[in-house]
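*Asks:* According to this note's numbering, the sequence shown is numbered sequentially starting from 460.
Here a beta-carbon is modelled for each residue, glycine too, at the ideal position from N, C-alpha and C.
Starting off with a structure, shown below.
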Amino acid sequence: MTGPSPGPSSRPDASDAAGDRGTPGDPGLPDVADRLDQPLAAAARRHPDRPALAADGRVLSYAELDGRVDEVAARLAAHGVRPGDRVGIHAPKGVAAVTALYAALRAGAVVAPLDPAEPRSRTARMVHGAGLRTLLTTADAEPAARRLAGDPAPAEGVRGLPYGLSLVPLPATAPDPGDPTEGAGGYVLFTSGSTGWPKGVLLSHRNVLHFARWAAAEFRLDATDRVGSQSPLTFDLSTFDLFSSALAGACVHLLPEVLRLFPRDVVGWLGREEISVFYAVPTFYRLLLLGGGIAKDPPPALRLAAFAGEPFPPHLLEDYLRCFPRVRFYNLYGPTETNVCTYEPLPPDWTAADGLSVGRALPGDHIEVTDADGGWTDGEGEVRVAGETVFLGYLADGGRLTDPTRPVRFRDGTVRRAYATGDLGRLAADGRLELHGRRDHQVKRRGVRIELREIESVLLEVEGVTAAAVVAKTCPGHVGELWAYVVASGLHRGSVNRAMAHALPRRMFPDRVLICDGLPSTARGKTDRTRLAGLPGPPPTAPPTGGASS
């Protein structure tokens, strides 16, 4: 079925779509999957000729994609990939990457999507920390994959695979697959870590499928839908794009990476591809509204828009609801460790005066808010999540699994294994969750969770730097910006910028770097981060010429 995007005859008008899809939350989906590769195979059996994946200028049917996955999976097994092995998918988002991801899953491996554009030193930490055994890569990303394996030259162990893929073995640092924790997972996603090492979040097949099945049912996906996929495979939003779509037999359309920086082109793409369902972070929606002209050129097939990852500016959300009265909007919430665990469908007449909660728990999940002593409270406290979507634990030190969850007694009297999110919030009387910020040094930026201590650890490795603090600004004109305060003598900002470029992805770069003589302290002698966050410029101890870079 390789060729142009499927024609419009199979796409119902958005105005008619909501009326013939049944009740939200009513699955209407075959309950056949207990592994993440199975929905694809089931869809290929049910409707082999329907479009499954549109990307790179071509469209693959479910039969074509499933056939490719089978072929590559068989080759992986022949080359020694065993069930439970952890395999990195080191490829730019496209047909090859999606094929590789599904094939590794079908071979029984635990998959870990990696971004070849990330700094090599950071990716190397991910590879080591998660205990990856091998990398599945593409021709353009293979040189970088070989460098991660410790060999910049063509290696004897590299195996060529169909469809432009290759298998690059890694030094043996992972635990033996006989370890009972090894085969328990299915999917690894990475989050920012306070020690400077990204943390591998190990999710089970059941974790991801529970969310994917819920979303496919709640959003009433079916085989006529076209799901617009803008999220990198390294982010949890992409699990909806891939697996919910496969469960419903919908077609996933991958947004070309070259368009991401041009909002007007993205809006044009949404219209041309007749995207009916779209899931993105609020920052992305903001760009489409303010820079892409989406209000003047609304995608005609769009019927559902979901957002997650950060607060949506209320006035902009009002604009969307006013411009798209027939589109259903959903506010979703959950850290990577739980994927989505709450949801709030917005009524068409919602306004900022109504307030914006993140809604109620997904069926199978449970939300509690606890006080400083760990007991549930009706007031503000830390949000804890228990249930079907809660991850298995973190991978670190060559793939060893640590479980940070703890037993928590919920207000219904039940003790549950729960994850402490670090988010502050309050449960309303009707069960809806309201968020009130963070209790630690994490921030959300463009929907991506960033641990400020990870940035600080990179800055502290620069020769001549004696102290560093990174804060999210609260002062007028700079709210939400990340500023780095670096204490050093005779240091040029170029050294700082080079260090960050070597170790951090661009999304983690501070908006401004200030080199200063010292940092303000609290009465207990700790860095006064609250004061730094509120300052419109350098701290009083900084020289008047303290520079900044964007």
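#1: Per DSSP, what kind of secondary structure is G642 in: helix, strand or coil?
#2: Measuring straight from C-alpha to C-alpha, what distance separates G833 and V867?
#3: For V711, is the classification buried or exposed, using 16 other Cβ atoms within 10 angstroms of its Cβ as the cut-off for buried?
#4: At which residues does the alpha helix (DSSP H) containing T582 begin and terminate?
#5: Can you list the beta strand (DSSP E) stretches of 3 or more residues lying completely in the segment 922-1004, in chain order?
#6: For the candidate residues T801, V736, L918, A671, whose alpha-carbon lies nearest to that of L495?
#7: With DSSP as the reference, please indicate the residues paired to A855 in a beta bridge.
#8: Is P704 helix, strand or coil by DSSP?
#9: When the Cα of A589 is compared with those of L978, L892, E922, R859, which residue comes out closest?
#10: Leaving out five residues before and five after T925 in sequence, what residues of the same chain have Cβ atoms less than 6 Å from its Cβ?
#11: State yes or no: is the C-beta of D882 within less than 9 Å of the C-beta of G896?
#12: Pairs of beta-carbons, one from the segment 663-681 and one from the segment 690-700, closer than 8 Å: are there three or more?
#13: Restricting to Cα atoms, I'd like to know which of L748, D529, C934, H538 is closest to R781.
#14: Is there at least one Cβ from chain B nearer than 9 Å to A604's Cβ?
#15: When DSSP labels each residue in this structure, what does A697 get in the three-state scheme?
#16: Kindly indicate which three-state DSSP category H664 falls into: helix, strand or coil?
#17: With distance defined between alpha-carbon atoms, name the residue in A562, H587, A556, H951 nearest to D574.
#18: What do you get for H900, buried or exposed, if any count of 16 or more other CB atoms within 10 angstroms of its CB means buried?
#19: Check P486 in the structure and name its three-state DSSP category.
#20: Between the C-alpha atoms of D515 and C975, what's the straight-line distance to the nearest angstrom?
#21: Between the C-alpha atoms of A598 and A604, what's the straight-line distance to the nearest angstrom?
#22: Is there contact here, the segment 567-582 with the segment 511-525, by at least three beta-carbon pairs under 8 Å?
#23: Which residue marks the beginning of the alpha helix (DSSP H) containing V849, and which one marks its end?
#24: In whole angstroms, what is the alpha-carbon distance linking Y744 and D724?
#25: Counting along the chain, where does the alpha helix (DSSP H) carrying S916 start and finish?
#26: In whole angstroms, what separates the C-alpha of E523 from that of G645?
#27: The beta strand (DSSP E) with R605 in it runs from where to where?
#28: Specify the secondary structure class of Q901 as computed by DSSP and reduced to three states.
#29: Any contact between the segment 531-541 and the segment 576-585? By contact I mean 3 or more CB pairs, one from each, below 8 Å.
#30: Give, in chain order, every unbroken run of the alpha helix (DSSP H) that is at least 4 residues long and sits entirely within the segment 507-568.
#31: Would you say P822 and T880 are within 9 Å of each other, going by their C-beta atoms?
#32: Can you tell me whether G466 is buried or exposed? The criterion is at least 16 other CB atoms within 10 Å of its CB, across all chains shown.
#33: Would you kindly report the start and end of the unbroken beta strand (DSSP E) that includes P807?
#34: Quick one, which of A764, A511, F783 has its alpha-carbon nearest L755's?
#35: Taking A879 as part of the alpha helix (DSSP H), name the residues at either end of that continuous run.
#36: If I follow the unbroken beta strand (DSSP E) through A764, where does it start and stop?
*Replies:* Looking at the coordinates:
#1: In this predicted model, G642 has a pLDDT of only 48, less than 50, meaning its place in the structure is not dependable; the value taken from the coordinates is given anyway. Looking at G642 - three-state DSSP - the assignment turns out to be helix.
#2: If you draw a straight line from the Cα of G833 to the Cα of V867, it is about 7 Å long.
#3: buried
#4: Segment 579-589, the alpha helix (DSSP H) holding T582.
#5: 924-931, 941-947, 971-975
#6: A671
#7: R859
#8: Residue identity check: residue 704 is Ser in the sequence provided, not Pro. Helix at S704.
#9: Looking at the Cα atoms, R859 is the closest of the given residues.
#10: Beyond the five residues adjoining it in sequence on each side, T925 comes within less than 6 Å, by CB distance, of V946 in the same chain, given in chain order.
#11: yes
#12: The segment 663-681 makes contact with the segment 690-700; the number of CB pairs closer than 8 Å reaches 3 or more.
#13: Comparing Cα-Cα distances from R781 to each of L748, D529, C934, H538, the minimum goes to L748.
#14: Structure shown: chain B not included; a single protein chain is present.
#15: Strictly speaking, residue 697 in this sequence is Ser, with Ala absent from that position. Correct three-state label for S697: helix.
#16: Reduced to three states, the DSSP call for H664 is helix.
#17: A556
#18: buried
#19: Bear in mind that the predicted position of P486 carries a pLDDT of just 44, short of 50, making it unreliable; the figure below should be weighed with that in mind. DSSP places P486 in coil when its eight states are reduced to three.
#20: 48 Å
#21: 10 Å
#22: no
#23: No alpha helix (DSSP H) contains V849, which DSSP labels as neither H nor E.
#24: 14 Å
#25: 911-919
#26: 24 Å
#27: Taken as a continuous stretch (DSSP letters only), R605 belongs to no beta strand (DSSP E), being part of the alpha helix (DSSP H) at 601-607.
#28: Per DSSP, reduced to three states, the secondary structure at Q901 is strand.
#29: no
#30: 521-537, 554-565
#31: Judged by their CB atoms, P822 and T880 are not nearer to each other than the 9 Å cut-off.
#32: Confidence is the limiting factor: at G466 the pLDDT is only 47, short of 50, which leaves the residue's position unreliable, though a coordinate-based value still follows. Answer is exposed; the Cβ neighbour count stays below 16.
#33: It is not in any beta strand (DSSP E) - P807 carries neither H nor E in the DSSP assignment.
#34: In the sequence as displayed, the identity of residue 755 is Lys instead of Leu. Taking only the C-alpha atoms, the option nearest K755 is F783.
#35: No alpha helix (DSSP H) contains A879, which is instead part of the beta strand (DSSP E) from 874-886.
#36: 763-766
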